[in-house]
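Residue numbers (the working numbering), protein chains in the order written: chain B, 1 to 120; chain D, 121 to 233.
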């Protein structure tokens with residue numbers, strides 16, 4: 001079974017600076033999908049960014065980008081120009097390439113999360 | 121679109137009582153997921169549906185938990201009887217294409233005393 005590990009329970013960053021959150025995963029598959037979700041104090045889980053394993057180019061969404069290292073099974077999230085509104089729990093998640101129609105599963109496997117604090 | 125709608129937002133109940141959590145997915149989304157979030161275990165998949173049919177319920181803790189999806193716009197998660205260890209945040213999520221990610225509801229915080 002796939003597992004996702006976030007080794008940093010907590011991180012902090014100064015407003016306007018850059019921070020990187022780490023995520024590693026364990027899988028025997030060659031193709032899969034990776035996600036970062038944000039959970040602010042409001043509790044809502046919000047999709048931040050998505051990466052398809054077969055794409056070598058790292059995904060970016062405005063101030064958010066990933067460093068996807070497939071061989072190392074690493075998927076870190078970089079937040080540039082940090083803002084107070086970025087303060088939240090961040091979860092890394094894995095989804096198998098083998099979906100339901102191919103006899104697999106559609107479930108996401110989540111890491112335990114990293115709590116990010118943004119200091120003014 | 122109003123997004124995934126869950127109710128109630130908070131629920132406090134006494135041990136032994138029946139609890140029903142409700143979810144309305146985004147219209148057109150074929151997949152519906154129920155997750156539970158606790159400090160100790162993080163986010164765990166309980167069950168998911170595709171086209172109203174339960175596909176994987178291996179995460180349902182025990183017979184006290186049941187989930188239904190009578191139609192494409194409504195699902196329930198029922199706990200009977202409830203126990204203090206069921207206290208958690210329960211999320212519903214829906215998706216048109218899971219490889220693109222899920223849309224989550226705001227969750228129901230359940231406290232069993």
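Backbone N, C-alpha and C define an ideal beta-carbon position, used for all residues, glycine too.
Only a predicted model underlies this, so the values are computations on that prediction, with no experimental measurement involved.
What is the C-beta distance between residue i and residue j, in whole angstroms, given that I count them as a contact (C-beta under 8 Å)?
i	j	result
residue 7 of chain B	residue 22 of chain B	6 Å
residue 163 of chain D	residue 154 of chain D	Contact flag wrong, Cβ pair sits at about 11 Å.
residue 76 of chain B	residue 67 of chain B	5 Å
residue 175 of chain D	residue 223 of chain D	Actually they do not touch by this definition, with Cβ atoms about 18 Å apart.
Taking 9 Å as the threshold (beta carbon to beta carbon), is residue i in contact with chain B?
i	result
residue 207 of chain D	no
residue 197 of chain D	no
residue 213 of chain D	yes
residue 223 of chain D	yes
residue 175 of chain D	yes
residue 153 of chain D	yes
residue 127 of chain D	no
residue 210 of chain D	no
residue 165 of chain D	yes
Spell out whether any CB of chain D is found under 9 Å from the CB atom of residue i.
i	result
residue 65 of chain B	no
residue 33 of chain B	yes
residue 42 of chain B	yes
residue 103 of chain B	no
residue 70 of chain B	no
residue 91 of chain B	yes
residue 106 of chain B	yes
residue 111 of chain B	yes
Rounding to the nearest angstrom, what Cα-Cα distance links residue i and residue j in this structure?
i	j	result
residue 226 of chain D	residue 195 of chain D	15 Å
residue 51 of chain B	residue 63 of chain B	16 Å
residue 197 of chain D	residue 43 of chain B	19 Å
residue 218 of chain D	residue 18 of chain B	30 Å
residue 36 of chain B	residue 93 of chain B	6 Å
residue 5 of chain B	residue 111 of chain B	5 Å
residue 126 of chain D	residue 141 of chain D	8 Å
residue 9 of chain B	residue 211 of chain D	22 Å
residue 69 of chain B	residue 131 of chain D	42 Å
residue 213 of chain D	residue 71 of chain B	31 Å
residue 173 of chain D	residue 82 of chain B	42 Å
What residues in its chain sit with their C-beta under 6 Å from that of residue i, if we drop five residues either side in the sequence?
i	result
residue 46 of chain B	38
residue 89 of chain B	39, 113 and 115
residue 73 of chain B	24 and 25
residue 188 of chain D	196
residue 31 of chain B	53, 54 and 97
residue 136 of chain D	201
Excluding the 5 residues flanking residue i on each side, which residues of the same chain have their C-beta closer than 8 Å to its C-beta?
i	result
residue 119 of chain B	12, 13, 14 and 15
residue 133 of chain D	139, 202, 230, 231, 232 and 233
residue 98 of chain B	29, 104 and 105
residue 60 of chain B	49 and 66
Measure from the C-beta of residue i to each C-beta in chain E and report whether the shortest distance is under 9 Å.
i	result
residue 146 of chain D	The structure shown has no chain E; the protein chains it does contain are B and D.
Can you say whether residue i is buried or exposed, counting buried as having 16 or more other CB atoms within 10 angstroms of its CB?
i	result
residue 54 of chain B	exposed
residue 26 of chain B	exposed
residue 41 of chain B	exposed
residue 182 of chain D	exposed
residue 228 of chain D	buried
residue 66 of chain D	Nothing about residue 66 of chain D can be read from this structure; chain D reaches only from 121 to 233.
residue 157 of chain D	buried
residue 3 of chain B	exposed
residue 108 of chain B	buried
residue 221 of chain D	buried
Sorted by chain position, which residues of the same chain lie with C-beta nearer than 7 Å to residue i's C-beta, five sequence neighbours on each side aside?
i	result
residue 148 of chain D	216
residue 206 of chain D	199, 230 and 232
residue 186 of chain D	198
residue 179 of chain D	164, 165, 166 and 167
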